[in-house]
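Colleague: Structure in structure tokens, see below.
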Amino acid sequence: FSCSEALSPIVKFFSDVEKAALQEKLAIEEGDLILFAADEWLNACEILGKIRLYCAEKLNEMDKMSIAADQFNFLWVIEFPLLMFDKEMDRWYSSHHPFTSPVEEDIPNLTSDPKSVRGQHYDIVVNGVELGGGSIRIHERELQKTIFEDVLQIPASVAKERFGYMLEAFRFGAPPHGGIALGFDRLIAMLCDSDSIREVIAFPKTAKGADLMSDAPGTAEPKQLRDLHINLRTPQQEKPKAE
12 FSCSEALSPI
22 VKFFSDVEKA
32 ALQEKLAIEE
42 GDLILFAADE
52 WLNACEILGK
62 IRLYCAEKLN
72 EMDKMSIAAD
82 QFNFLWVIEF
92 PLLMFDKEMD
102 RWYSSHHPFT
112 SPVEEDIPNL
122 TSDPKSVRGQ
132 HYDIVVNGVE
142 LGGGSIRIHE
152 RELQKTIFED
162 VLQIPASVAK
172 ERFGYMLEAF
182 RFGAPPHGGI
192 ALGFDRLIAM
202 LCDSDSIREV
212 IAFPKTAKGA
222 DLMSDAPGTA
232 EPKQLRDLHI
242 NLRTPQQEKP
252 KAE
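Its first residue numbered 12, the sequence shown is counted upward by one per residue in the numbering used here.
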């Protein structure tokens with residue numbers, strides 16, 4: 012932004028009224044850089060979030076801003092959308108898993124306005140790194156059945172085949188329950204100021220999944236293959252042609 016003018020090809024799509032409104036709303040001053048994204052809300056947030064982190068990193072390297080290396084900023088991320096919409100499949104799917112409990116006050120909107128329903132799942136983030144996550148689970152049979160059949164459009168026969176044991180168990184009552192799982196390796200990497208968890212775990216794997224400490228993966232024993240009903244067919248090497 013220079014000399015009260017926006018220096019970008021995108022401004023040709025804005026009217027004078029829109030440009031003035033943006034300048035007033037964002038309190039734009041001389042030399043300011045305005046970044047924005049035009050996409051679905053979640054995609055736009057992810058894009059702008061990555062840009063924000065990149066800019067902060069570069070400004071820190073240029074000594075234009077200071078990021079305290081010994082400071083730990085904790086953040087709980089809550090009220091995720093319970094459901095996401097798949098345009099190709101033309102149906103809703105669970106953003107976390109189908110057993111996550113919706114926020115109680117949003118339950119009436121499950122079938123009428125699925126997009127507005129918040130889920131009771133949560134992440135713990137430290138300095139921009141996700142250390143763990145979890146959720147409160149559904150413990151009522153009718154609510155779980157509604158999400159399977161009416162929201163996720165899982166046929167009743169399929170829901171019974173896959174999750175019938177759980178729906179039947181709910182008939183006998185289940186207490187409200189939930190949990191969280193922490194990534195201990197990520198926590199240790201952060202405490203050790205390491206960019207990679209490979210530096211802090213006992214038996215790190217290479218990018219190809221090989222374990223150099225134990226020389227894994229190794230050769231499977233014939234009995235192990237028989238137990239798993241696996242038959243190996245090794246490609247035969249071509250014999251050199253006689254001259």
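Yeah, the Cβ is synthetic: ideal placement off N, Cα and C, and Gly gets one too. Note that the structure is predicted; figures quoted are calculated from it, not measured.
State buried or exposed for F83, treating a residue as buried only when at least 16 other CB atoms are found within 10 Å of its CB.
Modeller: Here residue 83 refers to the residue found at position 72 of the sequence shown. Exposed, by the Cβ-count rule.
Colleague: Which value, in whole angstroms, describes the spacing of the CA atoms of V162 and F96?
Modeller: Translated into positions along the sequence shown, residue 162 becomes position 151. Translated into positions along the sequence shown, residue 96 becomes position 85. Computed Cα separation, rounded: 11 Å.
Colleague: Give me whichever residues DSSP pairs with R148 in a beta bridge.
Modeller: Residue numbering aside, residue 148 sits at position 137 when the sequence shown is read from its first letter. Answer by DSSP bridge pairing, in chain order: T111.
Colleague: If you follow the alpha helix (DSSP H) that S173 is in, where does it begin and where does it stop?
Modeller: Numbered from its first residue, the sequence shown carries residue 173 at position 162. According to the sequence as given, residue 173 is Arg; it is not Ser. Residues 167–181.
Colleague: Would a C-beta distance cut-off of 8 Å place K156 and L178 closer than the cut-off?
Modeller: Your numbering for residue 156 matches position 145 in the sequence shown. Your numbering for residue 178 matches position 167 in the sequence shown. Yes, the Cβ-Cβ distance between K156 and L178 is below 8 Å.
Colleague: Taking only the alpha-carbon atoms, compute the straight-line gap between K101 and F47 and give it to the nearest angstrom.
Modeller: Residue 101 sits at position 90 when you count from the first residue of the sequence shown. Residue 47 sits at position 36 when you count from the first residue of the sequence shown. Note on identity: in this sequence residue 101 is Asp, with Lys being the wrong assignment. Straight-line Cα distance between these residues: approximately 29 Å.
Colleague: With DSSP as the reference, label F83 as helix, strand or coil.
Modeller: For the purposes of this step, residue 83 is taken as the residue at position 72 of the sequence shown. DSSP places F83 in coil when its eight states are reduced to three.
Colleague: Could you tell me which residues DSSP pairs with V211 in its beta bridges?
Modeller: What you label residue 211 is simply residue 200 of the sequence shown in a count that begins at 1. Paired residue(s): none; V211 is not in a bridge.
Colleague: Starting from L193, trace the beta strand (DSSP E) in both directions and tell me its first and last residue.
Modeller: The residue you call residue 193 lines up with position 182 of the sequence shown. Element bounds for L193: 189–193.
Colleague: Counting Cβ pairs, one atom from each stretch, are 3 or more of them under 8 Å apart for the segment 84–95 and the segment 105–112?
Modeller: Yes, the segment 84–95 is in contact with the segment 105–112.
Colleague: Are the beta-carbon atoms belonging to A200 and E210 less than 8 Å from one another?
Modeller: The residue you call residue 200 lines up with position 189 of the sequence shown. The residue you call residue 210 lines up with position 199 of the sequence shown. Cβ distance < 8 Å, so A200 and E210 count as in contact.
Colleague: Take every Cβ of the segment 180–187, pair it with every Cβ of the segment 136–156, and state whether three or more of those distances are shorter than 8 Å.
Modeller: Because the criterion of three Cβ pairs below 8 Å is met, the segment 180–187 and the segment 136–156 touch.
Colleague: Report the option in I158, G130, V137 whose CA atom is closest to the CA atom of G287.
Modeller: Beyond the ends of the chain as shown, which are 12 and 254, falls residue 287; an answer cannot be given.
Colleague: For the ligand MN, is there any heavy atom lying closer than 7 Å to the beta carbon of G143?
Modeller: In the structure on display, the ligand MN does not appear, and there are no ligands present to speak of.
Colleague: Per DSSP, which residues does W103 bridge with? Please list them.
Modeller: One-based indexing of the sequence shown puts residue 103 at position 92. According to DSSP, which records beta bridges pairwise, W103 is partnered with F96.
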